[in-house]
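Below, the structure written as structure tokens:
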């Protein structure tokens, strides 16, 4: 069965960097697009980024554009989110999610359990 | 301010039917290349897929849940409400003008 496990969350100071990882199993990882979606405490879902199955295309939400990057290693079945210049408003639970398509267009079918990122001095 | 607009809350009695609307535009819901999904988030849990491709249910999702799309809006319907249906519900799709994923602000369902 599809399993997504996020790693790398924690407490980080404003302006610093953090890299999240998402380890996938139970499916042919290299065939699917992968998303990161976040949820601030008590708030709704916010789409962060997506990477296509082969890494050829990446798209980002306006609030993270220029600060966050997404990448994947299909040999390790892992997708990453590199977060730079972190701000207090980046504090959220970060979810990794699989798209039903390789050329992803937000057709998410599976979610991880999330990893919490807290940006605070 | 979310790109997709949902009512903040809805409520109904057990056994009743409720609908949740999701309003967008021609660049997201109204674009025939973009499909609407609906997600259920129980308290303290990760979201879970309820409806994909506007009106399709994944295996394991009961037929009490249904989805539809018309023009630039989509609707989630839930019949035979149960207390276990109390959750936050989100619509989501792709926006072709933004080249970005978009979600509604979420709707909290209360089963009275």
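Protein chains in written order, with the working numbering: chain B, 4 to 124; chain V, 11 to 122.
The C-beta atom is built at its ideal place from N, Cα and C for all residues, glycine as well.
| Check | Outcome |
| --- | --- |
| Distance, residue 102 (chain B) Cα to residue 62 (chain B) Cα | 14 Å |
| CB contact below 9 Å: residue 71 (chain B) versus chain V | no |
| Neighbourhood of residue 20 (chain V) by C-beta distance below 7 Å, restricted to the same chain and skipping five residues each side | 28, 30, 117 and 119 |
| 6 Å Cβ shell around residue 87 (chain B) - same chain, five flanking residues per side excluded | 20 and 70 |
| Selection from V:40, V:60, V:37 and V:45 that minimises the alpha carbon distance to residue 178 (chain V) | Residue numbering for chain V in the displayed model covers 11 to 122; residue 178 (chain V) lies beyond these limits and cannot be assessed. |
| Own chain, CB closer than 7 Å to residue 74 (chain V), minus 5 neighbours either side, in chain order | 88, 89 and 90 |
| Where residue 92 (chain B) meets chain V, residues with beta-carbon distance less than 7 Å | Residues of chain V passing the Cβ test: none, with the nearest at roughly 15 Å. |
| Backbone secondary structure at residue 92 (chain B) - three-state DSSP | helix |
| Buried or exposed (CB count within 10 angstroms, at least 16 for buried), residue 90 (chain B) | exposed |
| Any chain V beta carbon closer than 9 Å to residue 103 (chain B) | yes |
| Distance CB(residue 67 (chain V))-CB(residue 76 (chain V)) smaller than 9 Å | yes |
| Beta-ladder partner(s) of residue 46 (chain V), from DSSP | Looking at the DSSP assignment, residue 46 (chain V) forms no beta bridge with any residue, so it has no partner. |
| Identity of the residues DSSP links to residue 84 (chain B) by a beta bridge | B:23 and B:73 |
| Inter-residue CB distance, residue 121 (chain V) and residue 92 (chain V) (contact presumed, cutoff 8 Å) | 7 Å |
| Under 9 Å from the C-beta of residue 12 (chain B): neighbouring residues of chain V | Correct list: empty, because the minimum Cβ distance to chain V is about 14 Å. |
| Under 9 Å between C-beta atoms of residue 75 (chain B) and residue 54 (chain B) | yes |
| Per-residue contacts from residue 48 (chain V) into chain B (C-beta, under 8 Å) | Those within 8 Å of residue 48 (chain V) in chain B number zero; the least Cβ separation is about 11 Å. |
| Cβ-Cβ distance between residue 44 (chain V) and residue 104 (chain V) below 9 Å | yes |
| Opposing strand residues paired with residue 49 (chain B) [DSSP bridges] | B:41 |
| Selected residue, minimal CA-CA separation from residue 49 (chain V), among B:112, B:122, B:68 and B:116 | B:112 |
| Beta carbon of residue 51 (chain B) nearer than 9 Å to that of residue 122 (chain B) | no |
| Neighbourhood of residue 48 (chain B) by C-beta, 6 Å cutoff - its chain only, sequence neighbours within 5 removed | 40 and 42 |
| Per-residue burial, residue 57 (chain B) [other beta carbons within 10 Å of its own, 16 or more giving buried] | exposed |
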